[in-house]
Amino acid sequence: MFYYIHIPFCKSKCKYCSFASFAWIDDKIEEYLVFLKKEIREYMEDSCLRRNDNIIESIYFWGGTPSVLSIAQIDEIISIFREFWNLENTEMTLEMNPENVSEEYAIWLKKIGINRISIWVQSLNNKTLQEIWRSENKIIFEALNNLKKGEFENIWADFIIGLPYVLSWEIKKDLEKIINENNNIKHVSLYMLENWIYPKNWAEISFKKEDYLMEYEKVVDFLKEKWFEHYEISNFAKTWAECRHNKSYWNHSNYRGFGLNASSFVGNKRFTNGKNFSNYYWWKLEFEEILEEKDLKIEKIMFGLRTFNLDTNLIENKQKLDEFIKDGLLEKDWNFIKPTISGIAILDFITQNLI
């Protein structure tokens, strides 16, 4: 089973962020944690999961900014899982803002069981970081150095593409600097800034998606040279460092989310907790649906394209599939389909025509 825990608090809200998150308020955090721990414990007890021979695949602390919590607060949450499960081989990931990564904090995170860190680099361009209300890049390098001192060997560096003032060629340059100086970075994500909330003037000071795609192949080639496998459209990982949590989504595995606006998928049911504190505290769901076989098939096509292993047996419109292959947008490898670099640029369009 896969679990994730939503911590919806940040030191301050990033300018581009549309997630359910709020500025840090001490009293509100303590109140929230009471309800969060109650939800986790009641779920565990109701599910009768007290079996020491079972292993949780992953526990993922999402945000917001989970690293605003103290070591004691994080440990209290993990301890509930320990009561019911053997966590010896569990992948435990914590998302972090570089500003929260002191040497002492990193050392104690490792001691309480966190073994994987997702750190939000976003960009090394100081003008960009200032525009999105983030600290200058020296804080990023200090954070990475502190994680080394904490003996973390599995770091996930997260970048956002399309931020203001960043030129397309800077993406590869930033990746080279980060990866060459930090051999404990085993996973990289490159997300396009699309469908986010951001100021209109950013469109004037950000490079266009087309410009990025011209550099994209160079970025992919560089990461391959460094032994990163491109295992999903936006994600690259070294051997055995793929994110178990993300793969649970793409493989249609069961996962359970805890906390405000956290989503779950169990059996054929998907549901999301309340998006505000009041609804969450009163167990009011934001969203709930039962997926039919046709819905699951559509999602399998979507995720299959994103993970470069779409089973051709799922595609009914073989004529359209052949057209995309002929046009160089898709390519066939045995009985599986994957998008080319050109296909990645219009993947949403391809997906819509195949489902």
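Here the sequence shown is numbered in UniProt numbering, starting from 1 and rising by one per residue. Ideal placement from N, C-alpha and C gives every residue a C-beta, glycine not left out. In this text the structure is predicted, and so the values were computed from the model without any measurement.
Quick check: the Cα distance between residue i and residue j, rounded to an integer number of angstroms?
i    : j    : result
V166 : F141 : 19 angstroms
C243 : E42  : 27 angstroms
F303 : I80  : 32 angstroms
W196 : L354 : Confidence at W196 is low in this model, with a pLDDT of 46, below 50, so the placement of that residue is unreliable and no value is reported for it.
T312 : T340 : 16 angstroms
L330 : S253 : 26 angstroms
G63  : I325 : 39 angstroms
E232 : K297 : 19 angstroms
D174 : F84  : 42 angstroms
L223 : K284 : 44 angstroms
W120 : R134 : 10 angstroms
D53  : L87  : Unreliable positioning characterises D53 in this predicted model, as indicated by a pLDDT of 49, which lies under 50. A coordinate reading is not provided.
I78  : S58  : 12 angstroms
Q319 : K332 : 14 angstroms
K28  : G343 : 45 angstroms
Y198 : W334 : Per-residue confidence for Y198 stands at a pLDDT of 49, beneath the threshold of 50, marking its modelled position as unreliable; no derived number is given.
W108 : E153 : 15 angstroms
L314 : Q122 : 36 angstroms
Can you tell me whether DSSP reads residue i as helix, strand or coil?
i    : result
V219 : helix
H252 : coil
W202 : A caution first: W202 carries a pLDDT of 48, below 50, which makes its placement in the model unreliable, though a value can still be read off. Of the three classes helix, strand and coil, the one that applies to W202 here is helix, per DSSP.
G64  : coil
A241 : coil
Y281 : helix
V34  : helix
Y3   : strand
K186 : strand
E229 : strand
N145 : helix
G304 : helix
W169 : helix
R134 : coil
L163 : coil
L129 : helix
N246 : helix
N317 : coil
I355 : coil
E39  : helix
E293 : helix
S70  : coil
S47  : coil
S102 : coil
M214 : helix
Name the DSSP bridge partner or partners of residue i?
i    : result
F152 : For F152, which the question treats as bridged, DSSP gives no partner whatsoever.
P339 : L330
T272 : S263 and F287
D311 : F336
W120 : D158
S58  : F2 and E91
N235 : S189 and E232
M96  : I119
N86  : I55
F349 : Partner(s): none; F349 has no beta bridge.
G113 : Answer is none; G113 lacks a bridge partner.
F258 : I5
For chain D, find out if any of its Cβ atoms is closer than 9 angstroms to the Cβ of residue i; answer yes or no.
i    : result
L129 : Protein chains in the displayed structure number just one, and chain D is not present.
For residue i and residue j, which I take to be in contact (beta-carbon distance under 8 angstroms), what is that distance rounded to the nearest angstrom?
i    : j    : result
K110 : E151 : 6 angstroms
F61  : Y280 : 17 angstroms between Cβ atoms; not a contact.
Q73  : L33  : 6 angstroms
I185 : I155 : 5 angstroms
F258 : E39  : 5 angstroms
M92  : N115 : 5 angstroms
K149 : A106 : 6 angstroms
V266 : F236 : With a Cβ gap of about 30 angstroms, V266 and F236 do not count as contacting.
L291 : R270 : 6 angstroms
Y4   : A262 : 7 angstroms
I301 : K226 : 31 angstroms between Cβ atoms; not a contact.
T272 : E286 : 4 angstroms
I350 : L310 : 10 angstroms between Cβ atoms; not a contact.
Under the criterion of a Cβ to heavy atom distance below 8 angstroms, does residue i qualify as lining the ligand NAP?
i    : result
N235 : Although the ligand NAP was asked about, the structure shown includes no ligands whatsoever.
(message) Check whether the segment 152-163 and the segment 246-254 are in contact - that is, three or more C-beta pairs closer than 8 angstroms.
(response) no
(request) Taking 8 angstroms as the threshold, find out whether the segment 67-78 comes into contact with the segment 97-117 through three or more Cβ pairs. (result) yes
(request) Evaluate the contact criterion for the segment 165-180 versus the segment 213-222: three or more CB pairs, one atom per stretch, below 8 angstroms. (result) yes
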